[in-house]
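Structure first, commentary second.
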Amino acid sequence: MNRYMSMAFELARMTAGQTGKNPAVGAVIVKEGKVIGMGAHLGYGKPHAERQAIASCSESTEGADIYVTLEPCSHYGKTPPCTEAIIEVGISRVFYAAKDLNPKVSGHQVLLDSGIHVAHTPDAIIDRFYAPFFKHLVSKRPNVTLKCATSLDGRLALDDGTSSWITGEAARSDVHNERHQHDAILVGGGTLLHDDPKLTARIEGGGDSPVPVILLGHGELSDDQMILRHPKRAIIYTTNEANLKYSENYDIRIGEWPLDAILEDLYAQGISSLFVEGGSTILTSFIKQQLYDRILIYIAPKIFGESRHTLYKEQFSSMEESVHLELIDVEKLGSDLKLTYGKA
Ligand SMILES: NC(=O)C1=CN([C@@H]2O[C@H](COP(=O)(O)OP(=O)(O)OC[C@H]3O[C@@H](n4cnc5c(N)ncnc54)[C@H](OP(=O)(O)O)[C@@H]3O)[C@@H](O)[C@H]2O)C=CC1
Ligand SMILES: Nc1c(N[C@@H]2O[C@H](COP(=O)(O)O)[C@@H](O)[C@H]2O)[nH]c(=O)[nH]c1=O
Ligand SMILES: [Zn+2]
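Take the sequence shown: its position 245, counting from 1, is numbered 245 in the UniProt record's numbering, and each next residue is one higher.
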């Protein structure tokens, strides 16, 4: 990898996890062999890496080169297009590593059309870094993260359903950061009726709450549930027609919906990442049907003893049949552990 691209990638790596639903991107501006500016996308809704790098420049960018880890955007989203900024400040060459697989307008083409030299310089490590971000384009369903908080003996609640709180503050604030990074959050009817969760992303400086999705089954909605106050309109899959009286408040989907059809339906509504927060009946369904990409387990140093609330409620008759995962990361959050798994 070119050393300027390597520097841009370091900026992207250092900001991974803080950009919400956006990809982490780094950019470096070079003129006559000297780095004159650098920048990264520091948070959801904030300026993109290219604009940060341009703003940081110590001298004129006329005739400079820019190295960016991802193809510059050329559409109006939460911020104006980076291609416009690059053209305006007279940068003459653009090198980018990963292709934007879902561009509304090709940034590469827009830059070329304005007479700028553009080079796509792919790199396997950078492609791997962005792979989860683009995975849904191939699978045609949202990227699914299953999450649960458990005791040391793997229980999601006491047998009577009590589960607040299992994990400590640091782990719970990490969960809010994860929620902020997903388009939608899903829980089952058991959880809605027992916990009455808020399902918002409560992080310092705001947080973009994911769309709540409830697999309600036969359960009934009521006027006093917290999701009624959620900033986004919830989507409710239910077999109970009595819930239609809440059609003004929620998108109510009546009928028997298999999980894969639900994922397809959510994807069609523009949801490309889904955070599944339980309970154990729901998590069991997702695991059994292999409809997940990542599993996050937050383990608290508590022992709950006998309880039916486990991560997976069914039995296996052999070791081979059991679910095998790959451990991707281990993190200590206060007195709790965060374990990140992928499929083996
Ligand atoms: N520690 C943790 O991380 C968490 C703990 N919890 C705890 O878990 C408990 C609730 O869990 P649980 O009782 O298992 O309920 P769930 O929240 O898992 O909801 C299960 C219900 O969802 C409905 N449902 C609809 N579609 C599906 C589907 N495809 N697969 C499975 N269920 C579907 C069913 O309703 P029907 O039977 O009517 O058809 C089912 O009974 C609470 O005590 C809560 O506190 C909850 C979340 C996280
Ligand atoms: N008890 C428990 C969790 N429980 C999850 O959080 C939901 C409550 O969300 P909210 O109302 O938005 O705060 C609850 O319904 C369940 O899905 N999560 C954790 O990280 N640690 C915990 O100890
Ligand atoms: Zn941009």
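Just so you know, even glycine gets a beta-carbon here, dropped at the ideal spot from N, CA and C. Remember, predicted model here, so these are calculated numbers, not experimental data.
Non-local beta-carbon contacts of cysteine 73 in its own chain, meaning distances under 6 Å to residues more than five positions away in sequence, involve Pro81, Cys82, Gly107 in chain order.
For the pair of segments examined, the stretch 269-289 was found to touch the stretch 145-161: the number of CB pairs separated by less than 8 Å reaches three.
Following the DSSP letters along the chain, one finds asparagine 143 inside the beta strand (DSSP E) bounded by residues 143-150. Relative to the non-hydrogen atoms of ligand 3, the Cβ of glutamate 71 never comes closer than 7 Å to any of them. Judged by pairs of C-beta atoms under 8 Å, the stretch 251-265 does not touch the stretch 311-322, as fewer than three such pairs exist.
By the beta-carbon neighbour count (other beta carbons within 10 angstroms, threshold 16), tyrosine 250 is buried. Comparing C-alpha distances from aspartate 159 to each of Ser6, Lys21, Phe304, Gly342 shows the shortest one belongs to Phe304. For ligand 1, no non-hydrogen atom lies closer than 7 Å to the CB of glutamate 264.
With respect to the C-alpha of leucine 156, the residue from Leu337, Ile297, Ser6 having the closest C-alpha is Ile297. Assignment of beta-bridge partners to glycine 37 by DSSP yields Ile29.
Sorted by chain position, residues whose beta-carbon lies closer than 6 Å to a non-hydrogen atom of ligand 1 are Cys148, Ala149, Leu156, Ala157, Gly161, Ser163, Ile166, Val187, Gly188, Gly189, Gly190, Thr191, His194, Asp195, Leu215, Gly217, His218, Gly219, Leu259, Glu277, Gly278, Gly279, Ser280, Thr281, Ile282, Ser285, His309. If you look at lysine 338, you'll find it in the beta strand (DSSP E) that goes 336-343.
In the structure shown, glutamate 59 adopts coil according to DSSP, grouped into three states.
Between the beta-carbon of threonine 79 and that of histidine 48 there is about 6 Å, and that keeps the pair under the 8 Å contact cut. With a cut-off of 7 Å, the C-beta of glutamate 50 is classified as near ligand 3, since at least one heavy atom of the ligand falls inside that distance. Distance between proline 212 and leucine 112, taken at the CA atoms: about 41 Å.
For alanine 184, there is no enclosing alpha helix (DSSP H); the residue is found in the beta strand (DSSP E) stretching over 184-188. Assignment of beta-bridge partners to alanine 157 by DSSP yields no partner.
Sequence-distant partners of aspartate 174 (beyond 5 residues in either direction) whose C-beta falls short of 6 Å from its own C-beta, in its chain, are Leu333. Cβ contact annotation for glutamine 289 (same chain, cutoff 8 Å, sequence separation greater than five): Leu259, Asp260, in chain order.
Boundaries of the beta strand (DSSP E) harbouring alanine 119: 117-120, taken from the DSSP string. By the neighbour-count criterion, in which 16 or more other beta carbons inside 10 Å mark a residue as buried, asparagine 102 falls on the exposed side. In this structure, the alpha-carbon of serine 273 lies about 7 Å from that of alanine 184. Distance from the Cα of glutamine 315 is smallest, within the candidate group Thr340, Ile287, Asn177, Leu137, for Ile287. Relative to ligand 3, the nearest heavy atom lies less than 7 Å away from the CB of cysteine 82. Here DSSP, grouped into helix, strand and coil, assigns valine 89 to coil. Judged by beta-carbon spacing, asparagine 143 lies beyond the 8 Å limit of aspartate 329, meaning their Cβ atoms are not closer than that value.
Non-local C-beta neighbours of methionine 7 in its own chain, meaning closer than 8 Å and more than five positions away in sequence, comprise Gly26, Val28, Val35, Met38, Tyr67, ordered along the chain. Taken through DSSP and simplified to helix, strand or coil, threonine 69 comes out as strand. For arginine 179, there is no enclosing beta strand (DSSP E); the enclosing alpha helix (DSSP H) has its first and last residue at 169-180.
Spatial neighbours of valine 30 in its own chain (CB-CB distance under 6 Å, excluding positions within 5 residues in sequence) are listed in chain order as Tyr4, Asp65. Glutamate 178 is classed as buried because its beta carbon has at least 16 other beta carbons within 10 Å across all chains shown. Taken through DSSP and simplified to helix, strand or coil, valine 94 comes out as strand. Residue environment: proline 122 is assigned as exposed (fewer than 16 neighbouring CB atoms within 10 Å of its CB, all protein chains considered).
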